[in-house]
Amino acid sequence: MSETPRIAVVVVTYNSARVLADCLDSLTAGARGADLVQVVVADNASRDESVPLAERAGATVVPLGRNAGYAAAINAGIAALDREGHLGRVDAVAILNPDCRTHEGALTRLAAALRAPGRGIAVPRLVSPEGHTHPSLRRAPTVRGALAEAVIGGRLADRVGRLGEVITDPRRYRTPGAAVWATGAALLVSVAAVRDLGPWDESFLLYSEETEFAMRAADRGWTLWYEPEAVVEHIGGEANVNPVLAALLTTNRVRLFRRRRGPVSSFAFYLAVVLGEALRALAGRRTARASLVALLRPSRRMRVLPQ
Numbered sequence: 001m002s003e004t005p006r007i008a009v010v011v012v013t014y015n016s017a018r019v020l021a022d023c024l025d026s027l028t029a030g031a032r033g034a035d036l037v038q039v040v041v042a043d044n045a046s047r048d049e050s051v052p053l054a055e056r057a058g059a060t061v062v063p064l065g066r067n068a069g070y071a072a073a074i075n076a077g078i079a080a081l082d083r084e085g086h087l088g089r090v091d092a093v094a095i096l097n098p099d100c101r102t103h104e105g106a107l108t109r110l111a112a113a114l115r116a117p118g119r120g121i122a123v124p125r126l127v128s129p130e131g132h133t134h135p136s137l138r139r140a141p142t143v144r145g146a147l148a149e150a151v152i153g154g155r156l157a158d159r160v161g162r163l164g165e166v167i168t169d170p171r172r173y174r175t176p177g178a179a180v181w182a183t184g185a186a187l188l189v190s191v192a193a194v195r196d197l198g199p200w201d202e203s204f205l206l207y208s209e210e211t212e213f214a215m216r217a218a219d220r221g222w223t224l225w226y227e228p229e230a231v232v233e234h235i236g237g238e239a240n241v242n243p244v245l246a247a248l249l250t251t252n253r254v255r256l257f258r259r260r261r262g263p264v265s266s267f268a269f270y271l272a273v274v275l276g277e278a279l280r281a282l283a284g285r286r287t288a289r290a291s292l293v294a295l296l297r298p299s300r301r302m303r304v305l306p307q
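Taking UniProt numbering, the leading residue of the sequence shown gets 1, the next gets one more, and so forth.
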């Protein structure tokens with residue numbers, strides 16, 4: 001990596017005009033101390049003002065022509081960087097949700113974290129608009145963890161023997177270090193890792209694609225590094241209230257586990273997730289009811305995203 005890190009940015013949009021301007025405006029401060037070579041907006045056929053807004057901000061717009069999903073948009077954005085010759089001129093590519101705002105020097109600090117040998121992905125501390133730290137770091141999914149989350153909930157599972165997949169301990173978010181994976185709203189990937197790992201898996205549409213990418217990176221010897229001094233504000237939270245997205249998130253968790261593990265442990269993981277969603281559905285949660293239906297009735301699972 002050069003002394004002054006060279007960074008390109010890919011922002012994925014879908015009807016994101018409400019938040020996109022703030023995201024793009026924040027990049028100058030976020031890349032303070034680095035060379036911001038190119039900003040690409042990969043657009044999943046937005047029907048609002050996302051595209052003209054991005055063009056007015058000076059970003060290169062890559063239209064996908066349909067709502068192809070997060071991974072497909074990332075792949076299209078990176079491919080555009082490569083075609084235009086920018087990928088060979090940068091050290092790392094930042095991938096951002098449009099509802100993110102990079103704080104002062106955030107991307108530069110992530111680039112500094114990638115200087116250490118073996119680090120391929122760097123992730124920031126994600127905060128809410130009110131400044132609260134999001135629990136964005138994750139452990140590897142396990143049957144025991146899924147069962148604990150089903151019975152006692154994710155937060156308590158994390159406190160009891162660190163069983164939960166979601167890391168909730170505030171002390172962990174004050175300390176830099178390696179993690180298995182992290183939510184994919186904001187991350188910086190070294191170009192060496194980009195070229196080694198190849199495209200993101202587009203079959204997930206939304207959710208679990210960042211898990212798959214991080215685990216595939218680990219399989220190939222790349223470390224994902226958490227840097228708390230790099231701060232990115234993220235609104236997020238749609239899967240917590242949208243039943244359709246919650247169902248996609250839940251079924252993708254099971255699909256990814258099945259791809260990486262044997263049939264016995266995969267079936268046990270599936271049963272644990274079903275139990276958890278059933279208990280939450282009985283408590284009246286609409287998102288859990290939608291997830292349970294998708295788990296039990298494959299014909300009801302989302303195959304394509306709304307256009």
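Glycine included, C-beta positions come from ideal geometry on N, C-alpha and C.
In this text, all values refer to a predicted model and were calculated from it rather than measured experimentally.
Who are the near neighbours of residue i in its chain, counting only those whose CB is closer than 6 Å to its CB and skipping five residues on each side?
{"i": "Leu-187", "result": "Ile-95, Ile-121, Val-123"}
{"i": "Glu-130", "result": "none"}
{"i": "Glu-165", "result": "Arg-138, Arg-139, Pro-141, Gly-145"}
{"i": "His-234", "result": "Cys-100, Leu-126, Ala-185"}
{"i": "Ala-157", "result": "Ala-148, Glu-149, Leu-163, Gly-164"}
{"i": "Pro-5", "result": "Ala-34, Asp-91, Ala-111"}
{"i": "Ala-230", "result": "Ala-106, Arg-109, Leu-110, Pro-124"}
Please return the same chain residues whose Cβ sits closer than 7 Å to the Cβ of residue i, not counting the five positions on each side in sequence.
{"i": "Arg-32", "result": "Glu-104, Gly-105, Thr-108"}
{"i": "Phe-257", "result": "Pro-141, Ser-266, Phe-269"}
{"i": "Leu-279", "result": "Ala-150"}
When DSSP builds the beta bridges, which residues end up paired with residue i?
{"i": "His-86", "result": "According to DSSP, His-86 bridges with nothing at all."}
{"i": "Tyr-226", "result": "Val-123, Gly-177"}
{"i": "Arg-138", "result": "Val-166, Trp-181"}
{"i": "Ala-92", "result": "Ile-7, Ser-190"}
{"i": "Leu-36", "result": "Ile-7"}
{"i": "Val-41", "result": "Val-11, Val-61"}
Of all the options the options, which has the alpha carbon lying nearest to the alpha carbon of residue i?
{"i": "Asp-43", "options": "Asp-25, Leu-20, Thr-28, Val-93", "result": "Leu-20"}
{"i": "Val-293", "options": "Ser-136, Glu-277, Ala-8", "result": "Glu-277"}
{"i": "Asp-25", "options": "Val-90, Asp-35, Val-39", "result": "Val-39"}
{"i": "Asn-67", "options": "Trp-200, Leu-147, Arg-171, Arg-47", "result": "Arg-47"}
{"i": "Val-194", "options": "Tyr-173, Trp-222, Val-304, Pro-170", "result": "Trp-222"}
{"i": "Arg-301", "options": "Leu-282, Gly-262, Arg-253, Ala-111", "result": "Arg-253"}
{"i": "Gly-88", "options": "Val-191, Arg-171, Glu-55", "result": "Val-191"}
{"i": "Ala-92", "options": "Gly-262, Ile-74, Ala-8", "result": "Ala-8"}
{"i": "Trp-181", "options": "Ala-214, Arg-259, Glu-229", "result": "Ala-214"}
{"i": "Pro-63", "options": "Leu-36, His-86, Val-10, Leu-114", "result": "Val-10"}
{"i": "Asn-242", "options": "Ala-290, Ala-57, Gly-198", "result": "Ala-290"}
{"i": "Thr-60", "options": "Thr-211, Tyr-173, Ala-79", "result": "Ala-79"}
Which of the three DSSP states, helix, strand or coil, is assigned to residue i?
{"i": "Ile-121", "result": "strand"}
{"i": "Ile-235", "result": "coil"}
{"i": "Ala-182", "result": "strand"}
{"i": "Pro-306", "result": "coil"}
{"i": "Phe-129", "result": "It should be pointed out that residue 129 corresponds to Pro in this sequence rather than to Phe. Correct three-state label for Pro-129: coil."}
{"i": "Pro-199", "result": "coil"}
{"i": "Leu-188", "result": "strand"}
{"i": "Thr-4", "result": "coil"}
{"i": "Leu-256", "result": "helix"}
{"i": "Pro-63", "result": "strand"}
{"i": "Asp-22", "result": "helix"}
{"i": "Ala-73", "result": "helix"}
{"i": "Asp-48", "result": "coil"}
{"i": "Asp-99", "result": "coil"}
{"i": "Asn-240", "result": "helix"}
{"i": "Ala-116", "result": "coil"}
{"i": "Gly-154", "result": "helix"}
Can you tell me whether residue i is buried or exposed? The criterion is at least 16 other CB atoms within 10 Å of its CB, across all chains shown.
{"i": "Pro-306", "result": "exposed"}
{"i": "Ser-299", "result": "exposed"}
{"i": "Val-175", "result": "Val is not the amino acid found at residue 175; the sequence shown has Thr there. Result: exposed."}
{"i": "Arg-101", "result": "buried"}
{"i": "Glu-55", "result": "exposed"}
{"i": "Arg-119", "result": "buried"}
{"i": "Pro-135", "result": "buried"}
{"i": "Ala-73", "result": "buried"}
{"i": "Leu-27", "result": "buried"}
{"i": "Gly-284", "result": "exposed"}
{"i": "Gly-65", "result": "exposed"}
Once the 5 residues before and after residue i are set aside, which same chain residues still bring their CB inside 8 Å of it?
{"i": "Ser-50", "result": "Thr-13, Tyr-14, Asn-15, Ser-16, Ala-17, Leu-20, Val-41, Asp-43, Pro-98"}
{"i": "Gly-177", "result": "Trp-225, Tyr-226"}
{"i": "Val-238", "result": "Reading the sequence as shown, one finds Glu at residue 238 and not Val. These residues qualify, in order along the chain: Leu-245."}
{"i": "Arg-261", "result": "Phe-269"}
{"i": "Asp-196", "result": "Gly-120, Arg-220, Trp-222"}
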